[in-house]
Structure formats: C-alpha cells, structure tokens
Ligand SMILES: [Zn+2]
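In the working numbering, the protein residues as written are 4 to 305.
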C-alpha cells in the first residue's frame, strides 16, 4: 500500500455530539497537534448548521447522505444532501483523489467506551485497530461491512473509520471521554506517521472484532408507539454476551420480554437516543478473533 498522504478529522457530523465538535475546534485552533512530517491533515466541521443549533441534524441525518447515487443526484437538495456534496468536494486532495484517511468523530448514549467503527476488514485498518487496542483497554472494534455504496461520511475514503465514544448524553461534554478520544486520535496520527516512516510498532497478534449481524427494534403497537423499555439488566451492557432467553425489554407494567434468538450475541448501541427514530433498540454483533497480518517492518507482541 502507498504511504498515507492526506488525513481528515471530522467533528460535528452530528451537531449535538459535542466531544467531536470540541476536539475539532481544539485541533483547528492548534494545528501543530495534528501536524506530522509525512502527511497533511485537515479538520472539518461536518454539519455547521446543526452544530450551531446543537441538534443532530437540520433536515435529515447527514451521516446517511453519502451513497454514490445520492451524491450524484442533483434533485436531492435538503441542507444535509447539499452539505454532503460539499464535503465530498472538500475532502479531495489537490490531485483530485479522495483523502487517504477520514476519521469521523461521534458520541453515543450507549456504553460503548472507545469504539472504532470499521466498514471493512482492510488489513491496514485491522493493524491500526490492533495498535489502538494495545494503548487503551477501553478500545473496542466494531465492523459493519458496507456495500460498495457506503452511506457514511467516512465511506468517502477507503481507509475511513469512525470513533464512537460513550456513554455520554447528547449536547454534553464529558472531560474523561474528551481526553481519551483526543489521545486515541493522536495515537492514530502517530501510527500513520510511523507507517510512512517504516517504524516498528509493537502490536498484538490477534484482535477481537464485533461484527454486525442485525438490529432489534422496541416492541411497538399498531400505531408505532413503543410498548417496552430496555430491560434494566441490559442497560449499559454493551459488548456483553446476550444469551437466548435472557430479558432484553420490560413493559411499562413490568413484564419482561426475553431475547428469542438461538445463539449468544453481543449487543451494542443499546438504548442509543438517536436510534429511537430509526427503529433500533440495539444492534447485534458476533464476536470473533482475527489474526493480524504483519508486514515485515512491524514487530508483533503476545
Ligand atoms: Zn454520531
């Protein structure tokens, strides 16, 4: 693979996820923090209008506006559709190529620690994730393979990924998560620099990945109204095993509703505030361990 020459750090793709917004502000005012000798880096505010109003979006979710078809569809003219087309143009290198890496910063009301969200098991991204997981126990790696037609902002780059941190409420800053997220981004930049310079990294030889397998909605009545809440035993239990028959919801009069699947799964995005409107009470994943391929210049530990 060629060297990394352009990196974009995007905050505020969702305007009420303040960790990313304020990290982007900090980096934008202190460019030296993200400057490395071997590549150029740029900070971008994803959804300026939504940031101003501290809302997730104005007309529609910006982070679902990046399918190739939508980006080429001139008839789509909502604020976010227009902004998506602008972002696609902004994130082109002077040579007219998409940025090599896009890091899109998000927060979640779910207890997901420092989650690295990949849309492919690209060997470079797996090695990066393995490195990041070696510097913090809070790092978890979630992979949701996309079709060729990605819809997320980070899909503009082959090596794009999101950092999703939580639990933190929308519109709220949490200093601990802010500092951990910043450290993780800077470590990723150091990794890119080291990669470009041929530096040896100590990275674990295996990595645990949580692969997306589906989503569960809340129980709803015929009018679409929610009839049960996340069960107290599941609240904040992201990445913990959910066994068949275990309670997942509880109705307003206290009746438990159990998980009807036939195998153990690992739910994430449990009770994410922004997903009520998407019909998602939690996403289900399968846990697996992958072996990390090491190019000769990287050293393996464990
Ligand atoms: Zn978000």
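Backbone N, C-alpha and C define an ideal beta-carbon position, used for all residues, glycine too. Owing to the predicted nature of the structure, the values given are computational and were not obtained by experimental measurement.
Contact test: residue 32 Cβ vs ligand 1 heavy atom, cutoff 8 Å: no
Contact check, residue 295 vs residue 133, beta carbons under 9 Å: yes
Reference residue 111; option with closest CA among 292, 279 and 293: 279
Residue range of the alpha helix (DSSP H) that includes residue 22: 21 to 32
For residue 209, three-class secondary structure by DSSP: strand
Whole-angstrom distance between residue 222 and residue 230, CA atom to CA atom: 5 Å
C-alpha distance - residue 48 paired with residue 91, whole-angstrom precision: 13 Å
Assigned secondary structure, residue 189 (DSSP; H/G/I helix, E/B strand, else coil): helix
Meets three-Cβ-pair contact criterion under 8 Å: the segment 14 to 29 and the segment 159 to 173: yes
Near ligand 1: residue 114 beta-carbon under 8 Å from a heavy atom: no
Proximity winner among 160, 76, 195 and 135, relative to residue 37 (alpha-carbon distances): 195
CB of residue 131 within 9 Å of CB of residue 13, strictly: no
Ligand 1 heavy atom lying under 8 Å from the CB of residue 184: no
Proximity to residue 287 [Cα-Cα], best of 263, 293 and 277: 263
DSSP three-state assignment for residue 84, whether helix, strand or coil: helix
Any 3 or more C-beta pairs closer than 8 Å across the segment 153 to 163 and the segment 61 to 76: yes
Residue range of the alpha helix (DSSP H) that includes residue 117: Taken as a continuous stretch (DSSP letters only), residue 117 belongs to no alpha helix (DSSP H), being part of the beta strand (DSSP E) at 116 to 121.
Rounded separation between residue 178 and residue 225 - CA only: 42 Å
Spatial neighbours of residue 305 in its chain, beta-carbon cut-off 7 Å, leaving aside the 5 residues before and after: At residue 305, the pLDDT of 44 sits below 50, so the modelled position is not reliable and the matter cannot be decided from this model.
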